[in-house]
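Going down the list, the protein sequences come from chains R and P.
The opening residue of the first sequence carries number 451 in my numbering; numbering runs sequentially from there.
The opening residue of the second sequence carries number 451 in my numbering; numbering runs sequentially from there.
Number of protein chains: 2
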Amino acid sequence: MDTIGCIGLGIMGKPMALNLLKAGFQVGVLESSVTASILVEAGATAYPSVAALTTHADVVLTMLPDSPEVETVVLGDEGVLQSITAGKLFIDMSTIAPGVSKVIYEKMQAIGVEALDAPVSGGQVGAENASLSIMVGGNKAAFDRALPIFQALGKNIVWIGPAGAGQTTKACNQMIVGITIQAVAEAFSLASHAGIDLEKMREVLLGGFAQSKILDLHGRRMIDGNFKPGFKMKLHKKDLEIALATSDDLGLTLLGTTLVADLMAQAVTNGNGELDHSALYLFQS
Amino acid sequence: MDTIGCIGLGIMGKPMALNLLKAGFQVGVLESSVTASILVEAGATAYPSVAALTTHADVVLTMLPDSPEVETVVLGDEGVLQSITAGKLFIDMSTIAPGVSKVIYEKMQAIGVEALDAPVSGGQVGAENASLSIMVGGNKAAFDRALPIFQALGKNIVWIGPAGAGQTTKACNQMIVGITIQAVAEAFSLASHAGIDLEKMREVLLGGFAQSKILDLHGRRMIDGNFKPGFKMKLHKKDLEIALATSDDLGLTLLGTTLVADLMAQAVTNGNGELDHSALYLFQS
Chain R
451 MDTIGCIGLG IMGKPMALNL LKAGFQVGVL ESSVTASILV EAGATAYPSV AALTTHADVV
511 LTMLPDSPEV ETVVLGDEGV LQSITAGKLF IDMSTIAPGV SKVIYEKMQA IGVEALDAPV
571 SGGQVGAENA SLSIMVGGNK AAFDRALPIF QALGKNIVWI GPAGAGQTTK ACNQMIVGIT
631 IQAVAEAFSL ASHAGIDLEK MREVLLGGFA QSKILDLHGR RMIDGNFKPG FKMKLHKKDL
691 EIALATSDDL GLTLLGTTLV ADLMAQAVTN GNGELDHSAL YLFQS
Chain P
451 MDTIGCIGLG IMGKPMALNL LKAGFQVGVL ESSVTASILV EAGATAYPSV AALTTHADVV
511 LTMLPDSPEV ETVVLGDEGV LQSITAGKLF IDMSTIAPGV SKVIYEKMQA IGVEALDAPV
571 SGGQVGAENA SLSIMVGGNK AAFDRALPIF QALGKNIVWI GPAGAGQTTK ACNQMIVGIT
631 IQAVAEAFSL ASHAGIDLEK MREVLLGGFA QSKILDLHGR RMIDGNFKPG FKMKLHKKDL
691 EIALATSDDL GLTLLGTTLV ADLMAQAVTN GNGELDHSAL YLFQS
């Protein structure tokens with residue numbers, strides 16, 4: 451089986467790397483990763499540099515917070531692109547700007563390397579349970595090659611289209627999630643001020659057209675006042691900024707996305723960026 | 451079993467009255483109703499006036515388009531309130547302003563009649579299949595008395611609280627549904643302009659946090675370009691206006707609801723009010 455070099459071993463990347471080990475893959479990590487020792491204990495091999503890791507891996511897989519981190523790790527002076535060789539596969543599972551994914555794809559193609567953008571939905575729980583949704587952009591043959599890797603990480607795995615298509619789909623996912631949180635937050639705010647029992651309201655609305663995973667899970671959070679992340683507001687704000695930059699490039703105006711991005715930006719400015727994104731409920735007026 | 455006088459035999463009211471007959475209730479209708487003959491064929495009795503219908507019924511049930519129609523039928527010169535007598539039950543299943551429901555409740559209480567506001571979610575299909583969600587405001591004892599009637603009409607039946615609570619909950623339902631449609635419409639618009647295969651996107655997003663009944667059913671409508679109602683844009687606009695009037699009374703600002711109400715109002719002004727509310731997808735730019 452392939453040896454997979456995993457870069458980015460945080461809340462998402464660590465359980466994903468552990469699931470790759472469980473599925474029988476060889477896993478390489480960077481010695482400098484904060485959680486490298488946990489992975490090494492579980493059977494991974496640690497390497498002192500991106501170059502060493504990339505040299506020993508068949509597939510390099512990144513799971514990083516944002517576009518700049520991916521650009522540094524992949525395109526930087528000591529980045530993956532400097533040491534990866536023809537015939538290998540690069541997979542970025544971070545959520546970043548589709549344009550950056552396309553640049554990486556082009557540069558990798560130029561040296562004979564296939565690159566996939568494969569962002570995920572499902573959060574920490576999905577990463578731990580190997581139940582992530584994975585939306586993939588890049589060449590179909592590269593997707594087929596990567597499928598056993600994805601199957602060790604997730605359940606709902608779809609090849610969407612060419613390079614960047616995974617990231618664009620993820621941006622759309624984050625738009626829907628963010629706006630739906632606002633929908634539930636507004637409704638719960640109105641109901642709460644009108645003296646309605648939110649518990650009963652959630653129950654009856656889950657049986658009708660208003661049903662959503664957000665009403666179910668984040669409606670529960672709003673009722674309980676539990677805004678421990680989960681998925682941090684500041685990260686969702688970043689994802690909506692990606693969506694808005696993408697829509698700008700296409701000459702589109704996303705009214706609901708703009709509204710929710712503004713509300714999240716205000717929350718972050720006011721020091722609430724570390725709260726779960728469902729904390730939008732606290733900022734209704 | 452109770453005799454139920456049904457006023458309002460339209461897209462929703464007709465199948466609901468038929469389901470009451472199926473469940474073994476005696477049903478009275480107005481001769482002047484457009485679909486009265488269909489109900490009479492199915493076993494209902496027709497009466498020449500609201501007064502005659504009310505006199506022969508134990509329970510009067512209304513299912514009308516909007517607050518003015520309910521006010522006319524219930525509070526008007528020849529309305530239900532003129533002929534209903536102490537000990538009977540009045541149930542309004544229309545979607546109207548919570549304030550109107552409270553006025554009706556007070557006036558009915560003054561003459562010894564219990565009144566329930568019991569709006570529904572689930573649409574024509576839910577009405578036909580007796581699978582409506584029913585959110586009920588009024589006194590709990592009246593709800594208990596009405597439960598066998600509701601059970602002939604729906605599945606998810608919840609007593610929310612005092613008079614008006616059903617309507618407030620319905621307003622919240624319509625807010626969530628409307629804003630979620632906008633969420634899906636924006637995402638599909640961005641994706642479509644970016645060349646993403648909407649079919650694949652819907653598939654992968656239904657497996658993650660963006661899942662909703664709207665993404666499922668109205669996402670399908672958007673892909674198919676099928677905007678035959680269903681639920682008309684002009685009615686949803688009316689419902690959001692109820693939500694906004696309610697929030698004004700409470701001193702709240704509903705940003706997402708205001709946005710979607712404006713978009714729906716523009717659509718109605720431009721002659722698209724008869725389209726399904728999922729046609730918001732057509733008006734993204």
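All residues carry an ideal CB built from backbone N, CA and C; glycine is no exception.
- Message: List, in chain order, every chain R residue whose beta-carbon is nearer than 8 Å to that of P:Q661.
- Response: S662, K663
- Message: Classify R:G537: buried if its beta carbon has 16 or more other beta carbons within 10 angstroms, exposed otherwise.
- Response: exposed
- Message: Once the 5 residues before and after P:I461 are set aside, which same chain residues still bring their CB inside 8 Å of it?
- Response: Q574, A577
- Task: State the CB to CB distance for the pair R:L503 and R:G478, rounded to an integer number of angstroms; the pair is presumed to be in contact (CB under 8 Å).
- Result: 5 Å
- Out of curiosity, what's the CA-to-CA distance linking R:A602 and R:V570? 13 Å
- Query: From R:E407 to P:G701, what distance separates their C-alpha atoms?
  - Reply: Shown here, chain R extends from 451 to 735; a query on residue 407 of chain R therefore has no answer.
- Query: How is the alpha helix (DSSP H) around R:E649 delimited, first residue to last?
  - Reply: 648-655
- Message: Residues of chain R with CB closer than 7 Å to the CB of P:I788, please, in chain order.
- Response: Residue 788 of chain P cannot be examined here, being either before or after the span of chain P that is shown, 451 to 735.
- Task: Compare the C-alpha of P:V563 against each of P:N589, P:T719, P:P548, P:G549 and name the closest.
- Result: P:N589
- Item | Minimum Cβ-Cβ distance from R:M625 to chain P less than 7 Å | yes
- Taking only beta-carbon positions, decide if R:M585 is within less than 7 Å of chain P. yes
- Task: Provide the residue(s) that pair with R:E584 in DSSP beta bridges, ordered along the chain.
- Result: It should be noted that the sequence gives Ile, not Glu, for residue 584 of chain R. R:I584 is bridged to R:V570, R:I607.
- Message: Just to confirm, is the Cβ distance from P:T630 to P:S662 under 7 Å?
- Response: yes
- Same chain, Cβ closer than 6 Å to P:L514, five either side skipped, listed in chain order: G458, V520, S544
- Along the chain, where does the alpha helix (DSSP H) that runs through P:G458 open and close? Note, P:G458: premise wrong, no alpha helix (DSSP H); not H, not E.
- When you compare only the Cα positions, how much space is there between P:K678 and P:L667? 13 Å
- Message: Once the 5 residues before and after P:T703 are set aside, which same chain residues still bring their CB inside 6 Å of it?
- Response: none
- Task: Return the first residue and the last residue of the alpha helix (DSSP H) that P:F638 is part of.
- Result: 615-643
- Identify, in the order they occur along the chain, each residue of the same chain with its Cβ nearer than 7 Å to the Cβ of P:L648, setting aside the five sequence neighbours on each side. F638, A641, S642, I673
- Query: In chain R, what lies closer than 7 Å to P:G588 by C-beta?
  - Reply: By Cβ distance, chain R contributes nothing, its closest Cβ being about 14 Å from P:G588, past 7 Å.
- Message: Here's the rule: buried if 16 or more other CB atoms are within 10 angstroms of the residue's CB, otherwise exposed. What is R:T719?
- Response: exposed
- Query: Given that R:L700 touches chain P, what residues does it touch there, using C-beta distances under 8 Å?
  - Reply: L640, H643, A644
- Is there a Cβ from chain R that is less than 7 Å from the Cβ of P:C456? no
- What is the rounded straight-line gap between the Cα of P:G455 and the Cα of R:S735? 42 Å
- Message: 7 Å is my cut-off, CB to CB: does R:E636 come that close to chain P?
- Response: yes
- Kindly list the residues whose CB is nearer than 6 Å to the CB of P:L511, restricted to its own chain and excluding five residues on each side of it in sequence; keep chain order. I454, C456, I541
- Message: Pop quiz: R:V509 and R:I646 are said to be a contact at Cβ under 8 Å. What is the actual Cβ separation, rounded to whole angstroms?
- Response: Going by Cβ atoms, the distance from R:V509 to R:I646 rounds to 52 Å, so no, they are not a contact pair.
- Can you grab the Cα-Cα spacing for the pair P:L730 / P:A717, in whole Å? 8 Å
- Message: Do P:T707 and R:A644 have their beta-carbon atoms positioned less than 7 Å apart in this structure?
- Response: no
- Task: Could you please give me the residues that DSSP links to P:T495 through a beta bridge?
- Result: P:G478
- Under a three-way DSSP split, which group does R:D509 fall into? For clarity, residue 509 of chain R is Val in the given sequence; the question names Asp instead. Residue state, collapsed to three classes: strand.
- Message: Helix, strand or coil, according to DSSP, for R:E528 in the structure here?
- Response: coil
- Task: Quick one: grab the DSSP three-state call for R:D516.
- Result: coil
- Sequence-distant residues of its chain with Cβ nearer than 6 Å to R:N623 (five each side left out): S571
- Message: Using 8 Å for Cβ pairs, my map puts R:M585 next to P:V654. What's the rounded Cβ distance?
- Response: 5 Å
- Message: Going by the DSSP bridge assignment, what does P:L539 pair with across the sheet?
- Response: P:V509, P:E564
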